[in-house]
Each structure stands twice: as C-alpha cells, then as structure tokens.
Amino acid sequence: MARTREFDIDQAVDRAMDLFWRRGYAETSLQDLLQELSIGSGSFYAAFGSKEQLYLRSLERYASLQAAGLAEAVDGTTDIRVAVRKVLVSLVEADLADPTRGCLVVNASTQCGDLPTAADRVTAALRQVESALAGALEQAQVRGEIAADKDPRELARFLTTFMQGLRVVGRGRMGREFAEDALSTAMRALD
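Here our numbering is used: the first residue of the sequence shown is 935, the next is one more, and so on.
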C-alpha cells in the first residue's frame, strides 16, 4: 500500500525558494534541501524529481508572486507615475533592508549560466514584468497620462531593464542616494 505524502508541496516549494534565494543554486546542496524541508530523499525525489526541478519550480513561484504584486500595484491605478515610483521605491527599500538577498530572478540570471532551463524561466519572468507594465502603461496612455507619441511596450521594456538593474546595484550596496538619483532619471522616461 502506497504511503500518503506527509508534507505540503506548496509550502515545501516556498521553503526551497527561500533557501535558493538566500544561498543560490550551486551553494544549496540536496542535503540542505532535505534538512530545510524536513523530508527524506525518497520523498524528495518522488515529489520534485531533482534539485534542478525544484529550483525551476521555485523560480516559477517567485516570478508568479512578483508578477502578481506588480500587477496589483499598477493595474487600474489612477496615476501611473505614482504607481511606478512606488514599485521602484519598494525595490530600493527591500535592497537597503537586506542587500545580500537581492532578486531571485537576477540571482538566477547571473548564477545559472549552465542551466538553460533556468534561463528560460528568467526570460519568462521578465516577460511577465514587461507585460504587466505594458498593460498598465497602455491604460495610462488612454487616460492621457502618457503622451501619445510614447510606445508603452518600449517604456515597459525600459522599466523592466531598469528594475533589474536597480536590484543589481542594490546588491552592490550603492546606497539610497545613488538609487534615488537613478530612480528620478528613470521616472522622466514617463514624461
């Protein structure tokens, strides 16, 4: 008779995501994962297949959470500039509070060069950000908040790139003044 699973898969993915986020893919061993999840290797392999598969699920989970948070912040806003600035400031504040953590997507893009499937997940995550921003910017343009000659998709791509760059300089501990100056310049792109 088959044993029933004694742990919650979603909670396990969240805990693994946190571990990968703190330590990185290469620095997280299978033993680290088994200890963090409080499961045996048989249960691990039955549930996740491999460390790489769990990492990919963790990236997907992180990207989904980030995209949902971004969409909530910018969708239906009455002032796109306020919403975008709030999102950017929240990234700066997160990095000032814990500069070693950074962004799991940025970390994955710089740490997992030999994992093509991770690169695919990074691309998908960045496309989610771009899509959420483009939709909000298109709505803002319809409301007259953004000039008609601006391309919402191009602005979304710029902001997606800028957001990732902010996370990188946050890990580099460039500080509040550096980030605020860069943020002010980026916001002028919406003028």
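Just so you know, even glycine gets a beta-carbon here, dropped at the ideal spot from N, CA and C.
Beta-carbon proximity list for residue i, same chain, < 6 angstroms, skipping 5 on both sides
| i | result |
| --- | --- |
| Ala1068 | Pro1086, Arg1087 and Ala1090 |
| Glu970 | Arg949 and Leu953 |
| Ala1113 | Val1026 |
| Met1108 | none |
| Leu1117 | Leu1022 |
| Lys985 | Leu964 |
Beta-carbon proximity list for residue i, same chain, < 7 angstroms, skipping 5 on both sides
| i | result |
| --- | --- |
| Arg1101 | Leu1025, Asp1029, Gly1036, Cys1037 and Val1040 |
| Thr938 | Any answer about Thr938 is weak, because its pLDDT of 47 lies below 50 and its placement is not dependable; what the coordinates show is given next. Hits under 7 angstroms: none found. |
Under 8 angstroms between C-beta atoms of residue i and residue j
| i | j | result |
| --- | --- | --- |
| Ala997 | Ala1058 | yes |
| Gln1062 | Ala1001 | yes |
| Ile973 | Glu1079 | no |
| Leu990 | Arg1055 | yes |
| Ala946 | Leu993 | no |
| Ala1005 | Ala1081 | no |
Residue i: first and last residue of the uninterrupted alpha helix (DSSP H) it sits in
| i | result |
| --- | --- |
| Gly976 | Ser975 to Phe982 |
| Ser998 | Lys985 to Val1008 |
| Ile1080 | Premise fails: Ile1080 is in no alpha helix (DSSP H) and is neither H nor E. |
| Arg949 | Ile943 to Arg957 |
| Asp966 | Leu964 to Leu971 |
Cut-off 8 angstroms between Cβ atoms - residues of its own chain near residue i, not counting five sequence neighbours on either side
| i | result |
| --- | --- |
| Leu1060 | Val1039, Thr1094 and Gln1098 |
| Ser975 | Leu964 and Leu968 |
Residue i - DSSP class collapsed to helix/strand/coil
| i | result |
| --- | --- |
| Met1108 | coil |
| Thr938 | Any reading at Thr938 needs caution, since the residue's pLDDT is 47, under 50, leaving its predicted position unreliable; the model's value is listed next. Thr938 falls in the coil class under three-state DSSP. |
| Lys1020 | helix |
| Thr1051 | helix |
| Glu1114 | helix |
| Asp1029 | helix |
| Ala960 | coil |
Anticipated Cβ contact below 8 angstroms, residue i with residue j, distance rounded
| i | j | result |
| --- | --- | --- |
| Thr1011 | Ala960 | 39 angstroms between Cβ atoms; not a contact. |
| Gly1104 | Gln1045 | Contact flag wrong, Cβ pair sits at about 16 angstroms. |
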